[in-house]
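Chemist: The structure is given below, and queries will be raised subsequently.
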Amino acid sequence: MTIIIAVDGTAASGKGTLAKKLAAHFGFHHLDSGSLYRLVALGVVEAGGDPNKEEDALAAARTIIPARASDPAIRTAGMGNIASVVSAYPSVRAALLEFQRTFAKRPPGAVIDGRDIGTVVCPDATVKLFIDARSEIRAHRRWLELSAAGKSPSEVEILADIQARDARDRSRAVAPLVPAPDARLLDTSDLAIDAAFAAALALVKPGVENALRTQAKG
Ligand code: DC
Numbered sequence: 003m004t005i006i007i008a009v010d011g012t013a014a015s016g017k018g019t020l021a022k023k024l025a026a027h028f029g030f031h032h033l034d035s036g037s038l039y040r041l042v043a044l045g046v047v048e049a050g051g052d053p054n055k056e057e058d059a060l061a062a063a064r065t066i067i068p069a070r071a072s073d074p075a076i077r078t079a080g081m082g083n084i085a086s087v088v089s090a091y092p093s094v095r096a097a098l099l100e101f102q103r104t105f106a107k108r109p110p111g112a113v114i115d116g117r118d119i120g121t122v123v124c125p126d127a128t129v130k131l132f133i134d135a136r137s138e139i140r141a142h143r144r145w146l147e148l149s150a151a152g153k154s155p156s157e158v159e160i161l162a163d164i165q166a167r168d169a170r171d172r173s174r175a176v177a178p179l180v181p182a183p184d185a186r187l188l189d190t191s192d193l194a195i196d197a198a199f200a201a202a203l204a205l206v207k208p209g210v211e212n213a214l215r216t217q218a219k220g
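Right, here's the structure in full:
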């Protein structure tokens, strides 16, 4: 059994940053599952398809190239919104499931962040985190990030966007955004990134160390 850390959470909650840092800390592989849905969104747009049509989204999901996850074109707010729309289709979610589950088995361990990792993709994950922060704080952090990158975003629009995306992700019928019953909750509203990482590490460390000991014995 490889070790799996599932890191789910709301949009712009910092789950990706925390997942990356946890992976670096333990020497595990990291998968940002949101990038897969963003690649589906990009695929639909590039093919001139309609994100509101499940068949267009499924065609894109069947042809995504996960190695393109570093393409900056998927990182825009627009792609995040389209990703949220296409991710509600059961067939799209099913098409991406096997890739994620195969990734999760990569030795010695994997950290996967997303919305349904602890509930659907890896319900038997070694440890599960659910990351959240007040939406105003998440919007402000995103605004700071974009401003530092030389853009001039509207914080009001970012907030509306984040709230709309959370609402859509929470209310979909399949694999909605919800903490797994056995997830450890971490609210990073009042934590800077180093403190948030320290808190996340404290939550996952006992479970991971226990699993590493079991692995070493087996
Ligand atoms: O984490 P992100 O913002 O890059 O995710 C973009 C969208 O993809 C998100 O709004 C919902 C969807 N998503 C999902 O449905 N399931 C996941 N495991 C990850 C992302």
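Under this note's numbering, the residues of the sequence shown are numbered 3 to 220, in order. We put the CB at the ideal spot given by N, CA and C, even for glycine. Quantities reported herein were computed from a predicted structural model and do not represent experimental measurements.
1) Cβ atoms of residue 106 and residue 127: under 9 Å apart, would you say?
2) CB residue 36 to CB residue 85, shorter than 9 Å?
3) In whole angstroms, what separates the C-alpha of residue 90 from that of residue 195?
4) For chain C, find out if any of its Cβ atoms is closer than 9 Å to the Cβ of residue 169; answer yes or no.
5) If I follow the unbroken alpha helix (DSSP H) through residue 26, where does it start and stop?
6) Where do the N-terminal and C-terminal ends of the beta strand (DSSP E) with residue 34 fall, by residue?
7) Taking buried to mean at least 16 other C-beta atoms within 10 Å of its own C-beta, is residue 93 buried or exposed?
8) Tell me whether residue 150 sits in a helix, a strand or coil according to DSSP, three-state version.
9) How about residue 113 and residue 99: do their beta carbons lie closer than 9 Å?
10) Would you kindly work out how many angstroms separate the C-alpha atoms of residue 138 and residue 211, rounded to a whole number?
11) Rounded to whole angstroms, what's the CA-CA distance from residue 6 to residue 68? Just pull it up for me.
12) Compute the Euclidean distance between the alpha carbons of residue 158 and residue 168, then round it to the nearest angstrom.
13) Helix, strand or coil for residue 116, going by three-state DSSP, please let me know.
14) Report yes or no: do the region 134-151 and the region 44-63 share at least 3 C-beta pairs separated by less than 8 Å?
Modeler: Quick look at the numbers:
1) Mapped onto the sequence shown, residue 127 falls at position 125. Mapped onto the sequence shown, residue 106 falls at position 104. A contact, by the Cβ cut-off of 9 Å.
2) Translated into the one-based positions of the sequence shown, residue 36 becomes position 34. Translated into the one-based positions of the sequence shown, residue 85 becomes position 83. Taking 9 Å as the Cβ cut-off, residue 36 and residue 85 qualify as a contacting pair.
3) Within the sequence shown, residue 90 is the residue found at index 88, counting from 1. Within the sequence shown, residue 195 is the residue found at index 193, counting from 1. Approximately 30 Å between the Cα atoms of the pair.
4) No chain C is present in this structure, which holds just one protein chain.
5) Taking the first residue of the sequence shown as position 1, residue 26 is located at position 24. Element bounds for residue 26: 17-28.
6) On the sequence shown, position 32 is the one that residue 34 refers to. Note, residue 34: beta strand (DSSP E), 31-34.
7) Working through the sequence shown from its first residue, we reach residue 93 at position 91. Exposed: under 16 other Cβ atoms inside 10 Å.
8) Start at 1 with the first residue of the sequence shown, and residue 150 comes out as number 148. Helix.
9) Indexing the sequence shown from 1 puts residue 113 at position 111. Indexing the sequence shown from 1 puts residue 99 at position 97. Against a cut-off of 9 Å, the Cβ pair of residue 99 and residue 113 comes out as no contact.
10) Taking the first residue of the sequence shown as position 1, residue 138 is located at position 136. Taking the first residue of the sequence shown as position 1, residue 211 is located at position 209. Roughly 35 Å separates the two Cα atoms.
11) Here residue 6 refers to the residue found at position 4 when the sequence shown is read from its first residue. Here residue 68 refers to the residue found at position 66 when the sequence shown is read from its first residue. Each residue's alpha carbon lies about 19 Å from the other.
12) On the sequence shown, residue 158 is found 156 positions in, with the first residue counted as 1. On the sequence shown, residue 168 is found 166 positions in, with the first residue counted as 1. Distance between the alpha carbons of residue 158 and residue 168: 16 Å.
13) What you label residue 116 is simply residue 114 of the sequence shown in a count that begins at 1. Strand, per DSSP.
14) no
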